[in-house]
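Below is one structure, written out as structure tokens; comments come after it.
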Amino acid sequence: MGSVNMKEMYPKNGHVILHVDMNSFYASVEMAYDPALKGKPLAIAGNPEERRGIIVTCSYEARKFGVKTTMPLWEAKKLCPDLIIMRPNFDRYRTASSVMFDILRQYSELVEPVSIDEGYVDITDSYPYGSPIEIAKSVQERILDQLDLPCSIGVAPNKFLAKMASDMKKPMGITILRKRDVPIVLWPLDAEEMHGVGKKTAEKLNTIGIKTIGELANAEEMQLKALLGINGIRLKERANGNDKRTVDPDSVYDFKSIGNSTTLPRDVSNQRELYEIIGKLAGQVAARMRRKKVVAANIGITIRYKDRKTITRSKKLLNTVRNEKEISVAARELFGKHWNGDSVRLLGVTATDLLVEDSAVKQLDLFSYEEDAKKEPLHNTMSKLREKYGTNIIESAGGYLNQQTKPGNDTSFNKDFLHQKKQRDHLEKKQKD
Amino acid sequence: MKFIIQRDHLLQSVQDVMKAVTSRTTIPILTGIKIVATEEGVTLTGSDSDISIESFIPKEEDGTEIVEIRKPGAIVLQARFFSDIVKKLPTDIVEIEVENHLQTVIRSGKSEFNLNGLDAEEYPHLPQISEENMFSVPTDLLKALIRQTVFAVSTSETRPILTGVNWKVENSELTCIATDSHRLALRKARLASENTGTYNVVIPGKSLTELSKILDDTSDVIDIVITENQVLFKAKHLLFFSRLLEGNYPDTGRLIPNESKTEIVTLTKEFLQAVDRASLLAREGRNNVVKLSTFDGGVIEVSSNTPEIGKVIEEIQSQSIEGEELKISFSAKYMMDALKALEGTEIQVSFTGAMRPFVIRPLHDDSILQLILPVRTY
Numbered sequence: 004m005g006s007v008n009m010k011e012m013y014p015k016n017g018h019v020i021l022h023v024d025m026n027s028f029y030a031s032v033e034m035a036y037d038p039a040l041k042g043k044p045l046a047i048a049g050n051p052e053e054r055r056g057i058i059v060t061c062s063y064e065a066r067k068f069g070v071k072t073t074m075p076l077w078e079a080k081k082l083c084p085d086l087i088i089m090r091p092n093f094d095r096y097r098t099a100s101s102v103m104f105d106i107l108r109q110y111s112e113l114v115e116p117v118s119i120d121e122g123y124v125d126i127t128d129s130y131p132y133g134s135p136i137e138i139a140k141s142v143q144e145r146i147l148d149q150l151d152l153p154c155s156i157g158v159a160p161n162k163f164l165a166k167m168a169s170d171m172k173k174p175m176g177i178t179i180l181r182k183r184d185v186p187i188v189l190w191p192l193d194a195e196e197m198h199g200v201g202k203k204t205a206e207k208l209n210t211i212g213i214k215t216i217g218e219l220a221n222a223e224e225m226q227l228k229a230l231l232g233i234n235g236i237r238l239k240e241r242a243n244g245n246d247k248r249t250v251d252p253d254s255v256y257d258f259k260s261i262g263n264s265t266t267l268p269r270d271v272s273n274q275r276e277l278y279e280i281i282g283k284l285a286g287q288v289a290a291r292m293r294r295k296k297v298v299a300a301n302i303g304i305t306i307r308y309k310d311r312k313t314i315t316r317s318k319k320l321l322n323t324v325r326n327e328k329e330i331s332v333a334a335r336e337l338f339g340k341h342w343n344g345d346s347v348r349l350l351g352v353t354a355t356d357l358l359v360e361d362s363a364v365k366q367l368d369l370f371s372y373e374e375d376a377k378k379e380p381l382h383n384t385m386s387k388l389r390e391k392y393g394t395n396i397i398e399s400a401g402g403y404l405n406q407q408t409k410p411g412n413d414t415s416f417n418k419d420f421l422h423q424k425k426q427r428d429h430l431e432k433k434q435k436d
Numbered sequence: 002m003k004f005i006i007q008r009d010h011l012l013q014s015v016q017d018v019m020k021a022v023t024s025r026t027t028i029p030i031l032t033g034i035k036i037v038a039t040e041e042g043v044t045l046t047g048s049d050s051d052i053s054i055e056s057f058i059p060k061e062e063d064g065t066e067i068v069e070i071r072k073p074g075a076i077v078l079q080a081r082f083f084s085d086i087v088k089k090l091p092t093d094i095v096e097i098e099v100e101n102h103l104q105t106v107i108r109s110g111k112s113e114f115n116l117n118g119l120d121a122e123e124y125p126h127l128p129q130i131s132e133e134n135m136f137s138v139p140t141d142l143l144k145a146l147i148r149q150t151v152f153a154v155s156t157s158e159t160r161p162i163l164t165g166v167n168w169k170v171e172n173s174e175l176t177c178i179a180t181d182s183h184r185l186a187l188r189k190a191r192l193a194s195e196n197t198g199t200y201n202v203v204i205p206g207k208s209l210t211e212l213s214k215i216l217d218d219t220s221d222v223i224d225i226v227i228t229e230n231q232v233l234f235k236a237k238h239l240l241f242f243s244r245l246l247e248g249n250y251p252d253t254g255r256l257i258p259n260e261s262k263t264e265i266v267t268l269t270k271e272f273l274q275a276v277d278r279a280s281l282l283a284r285e286g287r288n289n290v291v292k293l294s295t296f297d298g299g300v301i302e303v304s305s306n307t308p309e310i311g312k313v314i315e316e317i318q319s320q321s322i323e324g325e326e327l328k329i330s331f332s333a334k335y336m337m338d339a340l341k342a343l344e345g346t347e348i349q350v351s352f353t354g355a356m357r358p359f360v361i362r363p364l365h366d367d368s369i370l371q372l373i374l375p376v377r378t379y
């Protein structure tokens, strides 16, 4: 296959995005593990022994009987008496998921996992591997060959259309959705069918007479904004087939740790001096975490002694940490516990179990909650603003500090200068828009 | 020493005192069980120096002979071996005899064990407790008091005092409080006896858990003696000693809110099951956090969202919602622990804001409350 030819199969301007969606993922993984389950109605549920368990996911065979996700077990059993019920094996699902994403990365570096069982791939520059449809077929076949798992793939010029497309044919479908297809394919559908429109939003749209995606695409902007805030404008854009979001391989779902270490100019055995260095490293880690907008649930340290013997120790924390002080307290505590008193050549501080700031939580303490409660009115105002104008409208000033710090000479466990560049580009783009 | 004893009585006593025996002790003889035979019966003792348990098997009960004492005496036998032996003996009758040099023979049916014993004289003495100040609680109530509070003690040694349950006696009322600083359980009970004295002590959570395991659900009374550093629980044929924790328990009274901005009344079981379902996916994530939102018309929404796995939403029709609209997140585990500890079909939950502790009580019952600190979401 000549790559010059293939290039002609790609748009001259614009992108080609795949959305890969695994079909009833948990159930399919179980079937791949135990082929005897194939073709049988299978459901994964919490607490199968208890009547009150609910269905987490189920096979297509079970769906034929009307079994649905979140249905209580007893109800599912009534609809389908032969239903096989299994407990979830999350380790299996995670393994299958990581192999699946590895396969996707063989076609393009631009792979963005969205959840355990779906992700976007930007194949705009992947013409050496074939035309978009050939790549989609090849991805689907390889996932089936290597993992024995079915998936549906949407091929489109942006994320939204790719997501809508992958939903159209299940299981094992490949659907191409071009922008020019939007009025014919998407507009007749109910607004609720649209990705990003939930039950509540659909109900609200209904109150202004919008029932289909087409009606949303042609709705009056002022009215939408009054009804749904900034999100209303965004939904209208999508309904017209427009979506400017890029495929971001650095989305947090994927990265695992942020760490900084430093080789000391000379071997040091003075505890106070070592504590100071840990404090500095904690500051660097905190700054990088702030840039990525994550918090950590686990803090680790690395100690290399002058005889090159190296130990790493880490500790899971009850509450996530984010700032220099919290990280340095945890790291110093670990150091105090595990340092044998010998001269140290290298020190490292690593944050793992990273979570996006928004999804992180803090368990409040009976003896200190007042401090958090004091900030509650501010917190409320911020979440109201976010609801009205979108997530990025307001952030605490901390997020903007230290963005200009240059990467120093210290070894970085995680090459996030790429990420930094991307964020700069992103900011510039934002200003242009 | 020589006696013949019914195996099931011996086994029960061995299993009771075993609750205090640990293999990790700095005093080697405490890995053993002390057995003392007198004309009145047989006494077994186990101890880990924090907890000591003494179980007495009388010579006869209700006219039936349980033990036949051939020769009084005492011995200490390795607890692990002795309890396994007693468990597996072939017949209902056991003969135990100490021969010379602490050699102990255990016979049952056609089987015979020879076990090396230790000198009972070297076994530490149990604390001497004068029984001047004493109050009594029915066994079933005592077990409820323990069950409803002890789960909330801290498992971390960061603040050792919080690993215990605070027992306060004042004006013939007993108040038990436990907190790990993220949730708090409180239970009060009126004491039948007058002049019970005034106490404020902290009993290790582990001691209460072990005590509760030994006691049967009866209405027999347990006498409780509290001294400066020990507490003694006296049941029929059973003495349970525990060390008290040193230090001052934090004053939790002022930490329990007595006003509220939002009040919910709902069915306990329905609410518990909804939280359980909502936590089904959250449990697998890091935090096990569920979110509660109130809506008009008495609707409560319980939900959780674990991005890498999925989300759950469930609506419950409450009996009533009064006050401000509320969105609050909390640990599903703490909520389920609290709801399981409460008795009563309906509960009242009083909130004072999304970042302040909230209180759960059975409707129309002030003797028990569970307090939970929410989690802050960003």
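Line by line, the protein sequences give chains A and B. For the record, in the first sequence the residue sitting at position 185 is 188 according to the numbering used here, with numbers rising by one throughout. For the record, in the second sequence the residue sitting at position 366 is 367 according to the numbering used here, with numbers rising by one throughout. For glycine and all other residues, C-beta sits at the position ideal for the given N, C-alpha and C. These numbers come from a predicted model, not from an experiment.
Residue i (DSSP reduced to helix, strand or coil)
i, result
"phenylalanine 359 of chain B", "strand"
"proline 153 of chain A", "coil"
"threonine 353 of chain B", "coil"
"methionine 25 of chain A", "strand"
"proline 252 of chain A", "coil"
"serine 14 of chain B", "helix"
"alanine 21 of chain B", "coil"
"glutamate 68 of chain A", "Note that residue 68 of chain A is phenylalanine in the sequence shown, not glutamate. It is coil, neither helix nor strand."
"lysine 292 of chain B", "strand"
"aspartate 367 of chain B", "coil"
"tyrosine 130 of chain A", "helix"
"proline 91 of chain B", "coil"
"threonine 156 of chain B", "coil"
Whole-angstrom C-beta distance between residue j and residue i, which should lie under 8 Å
i, j, result
"phenylalanine 83 of chain B", "leucine 119 of chain B", "Their Cβ separation, rounded to whole angstroms, is 11 Å, which puts phenylalanine 83 of chain B and leucine 119 of chain B out of contact at 8 Å."
"histidine 1 of chain B", "glutamine 366 of chain A", "Residue 1 of chain B lies beyond the stretch modelled for chain B, which goes from 2 to 379, so this question has no answer here."
"lysine 296 of chain A", "valine 359 of chain A", "6 Å"
"leucine 192 of chain B", "serine 173 of chain B", "5 Å"
"alanine 355 of chain B", "glutamate 379 of chain A", "6 Å"
Closest Cα partner of residue i within the set the options
i, options, result
"arginine 293 of chain A", "A:Asn326, A:Thr178, A:Gly212", "A:Asn326"
"leucine 337 of chain A", "A:Val324, A:Ala220, A:Asp184, A:Ser317", "A:Ser317"
"glutamate 98 of chain B", "B:Leu127, B:Ile36, B:Lys88, B:Leu142", "B:Ile36"
"asparagine 306 of chain B", "A:Cys83, A:Asp24, A:Ser118, A:Ala289", "A:Ser118"
"serine 155 of chain A", "A:Tyr110, A:Ser129, A:Leu21", "A:Leu21"
"isoleucine 90 of chain A", "A:Ile126, A:Pro153, A:Ala48", "It should be noted that the sequence gives arginine, not isoleucine, for residue 90 of chain A. Nearest of A:Ile126, A:Pro153, A:Ala48 to arginine 90 of chain A, Cα basis: A:Ala48."
"leucine 147 of chain A", "A:Phe163, A:Leu113, A:Glu206, A:Leu107", "A:Leu107"
"arginine 97 of chain A", "A:Pro116, A:Glu64, A:Lys140", "A:Pro116"
"glutamine 104 of chain B", "B:Ser24, B:Ala333, B:Ala121, B:Asp218", "B:Ala121"
"proline 128 of chain B", "B:Ala283, B:Leu374, B:Ser53, B:Pro139", "B:Ser53"
"valine 232 of chain B", "B:Lys262, B:Lys169, B:Asp218, B:Thr253", "B:Lys169"
"arginine 25 of chain B", "B:Lys72, B:Ala80, B:Val87", "B:Ala80"
"aspartate 400 of chain B", "B:Phe241, B:Val138, B:Ser319", "Chain B is shown only over 2 to 379; residue 400 of chain B falls outside these bounds and no answer can be derived."
"arginine 278 of chain B", "A:Arg311, A:Gly235, A:Pro75", "A:Pro75"
Any non-hydrogen atom of the ligand NAP closer than 6 Å to residue i Cβ
i, result
"leucine 343 of chain B", "Only the bare structure without any ligand can be found here, which leaves the ligand NAP out of the picture."
In chain order, what residues of the region 58-84 of chain A put their CB closer than 9 Å to some CB of chain B? Val59, Thr60, Thr72, Thr73, Pro75
At least three beta-carbon pairs within less than 8 Å, the region 344-352 of chain B to the region 153-162 of chain B: no
Would the region 328-348 of chain B and the region 292-304 of chain B be scored as touching if the rule is three or more Cβ pairs under 8 Å? yes
Indicate whether the contact test is met: 3 or more Cβ pairs, each with one atom in the region 259-275 of chain A and one in the region 350-357 of chain A, closer than 8 Å. yes
Please name the residues in the region 319-353 of chain B whose beta-carbon is closer than 8 Å to at least one beta-carbon of chain A, in chain order. Ser330, Ser332
Is it a yes or a no for the region 196-216 of chain B touching the region 360-370 of chain B, going by three-plus beta-carbon pairs under 8 Å? no
Using a Cβ-Cβ cutoff of 9 Å, what residues of the region 347-375 of chain A are near chain B? List them in chain order. Asp356, Leu358, Val359, Glu360, Asp361, Ser362, Ala363, Val364, Lys365, Gln366, Leu367, Asp368, Leu369, Phe370, Ser371, Tyr372, Glu373, Asp375
So does the region 174-190 of chain B actually touch the region 249-261 of chain B, counting three or more Cβ pairs closer than 8 Å? yes
Quick one, which residues of the region 109-125 of chain A are near chain B if we go by CB-CB under 7 Å, in chain order? Ser118, Ile119
Between the region 259-275 of chain B and the region 336-344 of chain B, can you find at least three pairs of beta-carbon atoms closer than 8 Å? yes
So if I threshold CB-CB distances at 9 Å, which residues from the region 144-159 of chain A count as touching chain B? none
Between the region 355-368 of chain B and chain A, which residues of the former have CB atoms less than 8 Å from a CB of the latter, in chain order? Ala355, Met356, Arg357, Pro358
Tell me whether the region 265-274 of chain A and the region 178-186 of chain A touch, counting them as touching only if at least three CB pairs, one residue from each stretch, are closer than 8 Å. no
Give a yes or no on contact between the region 17-31 of chain A and the region 59-77 of chain A, applying the rule of three or more CB pairs nearer than 8 Å. yes
With three or more C-beta pairs closer than 8 Å as the rule, is the region 228-245 of chain A touching the region 329-336 of chain A? no
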